[in-house]
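Residue numbers (my numbering), protein chains in the order written: chain A, 582 to 971; chain B, 735 to 995.
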């Protein structure tokens, strides 16, 4: 089926070339990071994790999001999602590729990376995160590829795919739960030390992930005439809306616990993020942007009339994605490590090099996604499932 | 033909097995006294404890100068570079009372306490969260309670830095040798490479040859180092006679460094 990715129009090839260009440019900067070390980043003794790990955390949510389609399809026989299942699975593959990419660019000695396997350490959550992420990648590759192949051959998917699909549904929850455990189990980091962190991660994943998926599907619809169907879009939008409501609710629970209890450790990070502390207000405008965007997106998603407006929907989704990205792709990491154990503020901001390398990983994900979506839509066209644009 | 191939395979298999066994056989034949046997040479004077711990008398040791003098000795013998900016490496450094005990601050502290500086270092915890999170066992707790680092095992994921509630760990963001005077380094202790985490090691390399940790030696009695499990040890004696506190007990890591206030 891979040969489908080798045939395409000039638009397809210029997009591929553009992505390769970004990957190439980012790789040059990555080689520089390999030579100089992580000193090229804005990281420090106090804020020892930053943009890379934050992107990894955010993208785990994107990987887990496919389950919001796969679960209704397999568990509730919601047939209207049939056309989208493969899109969700392929999105998960691209997202996990980016997750792994961000971990690789973040570690100080990448050539020793396999030490995690050579010296397996079950007491480390990172070990389990490696297991669940790679397992999820494998599951989605096998399930997605087999289902698409049998669709192409116009035969039913083999029977053994069903238990695998059920496993992948449960597994999707595990990848974000385990990633939350990376943070939630650390003493002295109050912003992360909360029992609902995994629940918050899942809530934000199940709104942000399908939102990105839907936006990508809209683009795909524009360029390939692939259409998931109005019913599928409406149902997925409802799922996004409920998940975002839960996400905001969970965040407000954190705010209540911190400020009603008034325990200093619990309030510090939130205060630093939303009003600044010790004269440091770097993240304040970002946090309020996220807050405002979150509420506008909800205002556009909750009333059914606005939600079903296909013109408005992409904008509501974009606002939602920006809001959740600021919360999880930026503030979660910086807020968790600030203030430091000495109750001091060390500011962190990603450097240009850090952003270039991040662009490389994002472009790598986009390339993976493009190739997989190209294959999927071409096969759907061969099957006559697409309406050719006149 | 068939017969000869089978014979050949038998011969090849036996030969391969023989080659594999030969070194073992040779080693057995040498009776253990021969050369080339790898076993650790233990210094007869090496210091031992069931659980190493440190007590710092901050009534005696509380000024910038005094603590910096200790840091200088420590950093010199361990080839710890001084890097300007926030990517510095620190094994031993100083902090104010509120930095040292952020959860036990007082709104009206005594003037004297406000002026005091406190030596900060790895606490060599009983249940170290850095060891719990390390995915490669590069940081591990020894039987004598010292939390040690294997710089060759560390992949530089910095999970331990996020986990340490004391900010005691440093990461080599850049090549540390760039900030070391290579003419004056201590050749008995390794320098590190970039991309690995490091921290105070309670001077395990000095204990192994029967010496006390460098800061303890230099502190002229303000620091006591000994076996916490031995009721007759010097640290237990000091702990019995003085009021001490430990940093951030709420984190539940059971630090091995005690402060006399």
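Just so it is clear, CB atoms sit at the ideal spot from N, CA and C, and this is done for glycine as well.
query: When the Cα atoms are used, what is the spatial distance from residue 966/B to residue 976/B?
result: 15 Å
- prompt: Among 785/B, 845/B, 773/B and 978/B, which one has its Cα closest to the Cα of residue 1005/B?
  reply: This structure cannot settle anything about residue 1005/B, because the visible part of chain B is limited to 735 through 995.
query: With a cut-off of 8 Å, do at least 3 Cβ pairs link the stretch 850 to 868 of chain B to the stretch 894 to 903 of chain B?
result: yes
Test: residue 895/B CB closer than 8 Å to a CB of chain A: yes
field: Option in 686/A, 583/A, 750/A and 962/A with minimal Cα separation from residue 713/A
entry: 750/A
- prompt: Roughly how many angstroms separate the alpha carbons of residue 733/A and residue 679/A, rounded to a whole number?
  reply: 28 Å
Beta-carbon gap between residue 889/B and residue 696/A smaller than 8 Å: yes
- prompt: Of all the CB atoms in chain B, is at least one closer than 8 Å to the CB of residue 757/A?
  reply: no
field: Contained alpha helix (DSSP H) runs [length at least 4] in the stretch 817 to 848 of chain B, N- to C-terminal order
entry: 831 to 834
- request: Pick out whichever of 988/B, 847/B and 853/B has its Cα sitting closest to the Cα of residue 798/B.
  value: 853/B
- prompt: When you check each C-beta in the stretch 855 to 878 of chain B against every C-beta of chain A, which residues fall closer than 7 Å?
  reply: 863, 866, 867, 868, 869, 870 and 871
message: Would you say residue 735/B lies against chain A (beta-carbon separation less than 8 Å)?
response: Model confidence at residue 735/B stands at a pLDDT of 49, short of 50, so the residue's coordinates are unreliable and nothing is read from them.
Same chain only: Cβ atoms within 7 Å of residue 973/B, ignoring 5 sequence neighbours per side: 789 and 992
task: Could you work out which residue in 664/A, 781/A, 752/A and 824/A is closest to residue 792/A when comparing CA atoms only?
output: 824/A
task: Using the DSSP secondary-structure output, state which residues sit across from residue 855/B in a beta bridge.
output: 826/B
message: Is there a Cβ of chain A sitting closer than 8 Å to that of residue 932/B, yes or no?
response: no
task: Classify residue 867/A as helix, strand or coil using the three-state DSSP reduction.
output: helix
query: How long is the line joining the alpha carbons of residue 951/B and residue 941/A, rounded to whole angstroms?
result: 51 Å
field: residue 952/A, buried or exposed, once every other Cβ within 10 Å from all chains shown has been counted against 16
entry: buried
query: Name the chain B residues that come within less than 8 Å of residue 850/A, Cβ to Cβ?
result: None at all; the shortest Cβ gap to chain B is about 14 Å.
query: Mind checking residue 897/A: buried by the 16 CB within 10 Å criterion, or exposed?
result: buried
query: Mind pulling the beta strand (DSSP E) runs of 3 or more residues that sit fully within the stretch 742 to 780 of chain A?
result: none
- prompt: Using a beta-carbon distance below 8 Å, is residue 749/A in contact with chain B?
  reply: no
- prompt: residue 696/A touches chain B at which residues, Cβ-Cβ below 7 Å?
  reply: 870, 887 and 889
field: Within-8 Å CB hit, residue 584/A to chain B
entry: no
task: Please find out if some non-hydrogen atom of the ligand ZN comes closer than 7 Å to the beta-carbon of residue 957/A.
output: Because no ligand of any kind appears in the structure shown, any question about the ligand ZN cannot be addressed here.
- prompt: Hey, would you say residue 585/A sits closer than 8 Å to residue 955/A, going by beta carbons?
  reply: yes
query: Near residue 909/B, what residues of its chain come up, given a Cβ to Cβ distance below 6 Å and the 5 sequence neighbours on each side ignored?
result: 928
- request: Could you name the residues of the stretch 833 to 857 of chain B whose beta carbon sits closer than 9 Å to any beta carbon of chain A, in the order they occur along the chain?
  value: 833, 834, 836, 837, 839 and 854
- prompt: Would the beta-carbon of residue 792/B fall within 8 Å of that of residue 995/B?
  reply: yes
- request: Kindly say whether residue 797/B, judged by its beta-carbon, lies nearer than 8 Å to any beta-carbon of chain A.
  value: no
- prompt: Counting only beta-carbon atoms, is residue 596/A nearer than 8 Å to chain B?
  reply: no
- prompt: In angstroms, rounded to a whole number, what distance separates the CA positions of residue 718/A and residue 668/A?
  reply: 14 Å
query: With DSSP run on the structure shown, which of helix, strand or coil describes residue 608/A?
result: helix
query: Given residue 970/A, which residues of its chain have a CB within under 8 Å of its CB, disregarding the five upstream and five downstream residues?
result: For residue 970/A, the predicted structure reports a pLDDT of 48, less than 50, and the residue's modelled location is therefore unreliable. The matter cannot be settled from this model.
query: Expressed to the nearest angstrom, what Euclidean distance is found between the alpha-carbon atoms of residue 912/A and residue 631/A?
result: 10 Å
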